[in-house]
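Asker:
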Amino acid sequence: DNDGHEKDEL
Amino acid sequence: MNIFRFAGDMFHLISILVLLLKIYATKSCSGISLKTQELYALVFVTRYLDLFTDFISVYNTVMKLVFIGSTAAIVWCMQWHPVVKRSYDRELDTFRHYFLVGACFVLALFLHENFTFQEIFWAFSIYLEAVAILPQLVLLQRSGNVDNLTGQYVFFLGAYRAFYILNWIYRYFMEQRFSRWISCISGLVQTALYADFFYYYFLSWKNNAKLHLPA
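Quick mapping for you: the protein sequence lines, in order, are chains A and B. The numbering of the first sequence is this note's numbering, which starts it at 1 and goes up by one. The numbering of the second sequence is this note's numbering, which starts it at 1001 and goes up by one.
Rendered as structure tokens:
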């Protein structure tokens, strides 16, 4: 996917 | 947010609070690896670069600040607190952790989601977290006996990562988009590193004996 890593995980 | 991830975050928080409690209550940091704490401070700083740019939720921001703040406090305590620093096992905590930092950074340059500053440092922090416990496990092996607060610290850290693996399995089945191979594989490596510690921890708990790691 284009927006990189999952942002919501710590 | 699912229950596995929330439980994982809580175990992670508990592990850091247990460590702060041990240092604050006993005014001693014997058995704790400063190098592991330095690696964790680096993990959090390089992973939460988006702390001030992307707002996800209050929970997310608060937890990031707590993780960075508490780990910085532990590193500060072990190096500068006049009483605590005397109990640091300097001669036992000799793992060359700079190699870990270098290796993880090189790996992040090759394996990342996007070739951007933030993504490379994020991948770096994921790889570094997987191996950050090594100086601590080596120190425990060398010091032989594990006092129960330090044992609990490592136990909760392992539980945190184990629950994150459950969280990734859960999200794999529940969500169409699954693009976290970097975290997943790195998290599996990290949990595997704890496996031997868990084995001895469980044995000592079952035999109600003091936790002794084979030298």
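Where a beta carbon is used, it is the ideal one built from N, C-alpha and C, also for glycine. Here the structure is a predicted model, which means the values were calculated and not measured.
Closer than 8 Å, CB to CB, is Met1063(B) near chain A or not?
Answerer: yes
Asker: Mind reading off the beta-carbon distance from Leu1166(B) to Tyr1088(B)? Whole number of angstroms is fine, and I expect it under 8 Å.
Answerer: So it is not a contact: roughly 35 Å between Cβ atoms.
Asker: What's the call for Ile1093(B), buried or exposed, on a 16-neighbour Cβ count within 10 Å?
Answerer: Reading off the sequence, residue 1093(B) comes out as Asp, not Ile. Under this definition Asp1093(B) is a buried residue.
Asker: Within the same chain, show all residues whose beta-carbon is closer than 6 Å to that of Leu1140(B), passing over the 5 residues directly before and after it, in chain order.
Answerer: Val1146 and Leu1213
Asker: Buried or exposed: Ser1057(B), going by 16 or more other Cβ atoms within 10 Å of its Cβ?
Answerer: exposed
Asker: Taking C-beta pairs closer than 8 Å, name the residues in chain A that Asp1000(B) reaches, listed in chain order.
Answerer: Missing from the structure shown is residue 1000(B); chain B here goes from 1001 to 1215 and no further.
Asker: Check whether the Cβ of Ile1014(B) lies closer than 8 Å to any Cβ atom in chain E.
Answerer: Looking at the structure shown, chain E is missing, and the protein chains on hand are A and B.
Asker: Helix, strand or coil, according to DSSP, for His1212(B) in the structure here?
Answerer: strand
Asker: If you check the beta carbons only, do Thr1036(B) and Ala1132(B) fall under 8 Å apart?
Answerer: For Thr1036(B) and Ala1132(B), yes; Cβs fall inside 8 Å.
Asker: With a floor of 4 residues, list each alpha helix (DSSP H) that falls wholly inside the segment 1047-1122 of chain B, ordered by position along the chain.
Answerer: 1058-1080 and 1097-1110
Asker: Verify whether the separation of the beta carbon atoms of Phe1178(B) and Arg1171(B) is less than 8 Å.
Answerer: Against a cut-off of 8 Å, the Cβ pair of Arg1171(B) and Phe1178(B) comes out as a contact.
Asker: So, at 7 Å on beta carbons, what are the nonlocal neighbours of Lys1210(B) in its own chain, with the 5 sequence-adjacent residues on each side left out?
Answerer: Asn1145 and Ser1204
Asker: Check whether the segment 1184-1194 of chain B and the segment 1117-1130 of chain B touch, using three or more Cβ-Cβ pairs below 8 Å as the test.
Answerer: Contact holds: three or more Cβ-Cβ distances are below 8 Å.
Asker: Mind checking who Asn1145(B) pairs with in its DSSP beta bridge?
Answerer: Answer is His1212(B), bridged to Asn1145(B).
Asker: Going along chain A in order, which residues have a C-beta closer than 9 Å to the C-beta of Asn1002(B)?
Answerer: Neighbours of Asn1002(B) on chain A: none; closest Cβ ~11 Å, over 9 Å.
Asker: Determine, using beta carbons only, whether Ser1070(B) and Leu1157(B) come nearer to each other than 8 Å.
Answerer: Contact: no.
Asker: Between the Cα of Val1082(B) and those of Lys1027(B), Phe1006(B) and Ile1182(B), spot the shortest distance and give me the residue it belongs to.
Answerer: The sequence given here has Pro at residue 1082(B), not Val. With distances taken between Cα atoms, Pro1082(B) lies closest to Lys1027(B).
Asker: Report buried or exposed for Glu1091(B), applying the criterion of at least 16 other Cβ atoms within 10 angstroms of its Cβ.
Answerer: exposed
Asker: In whole angstroms, what is the alpha-carbon distance linking Asn1208(B) and Leu1149(B)?
Answerer: C-alpha separation (whole angstroms): 15 Å.
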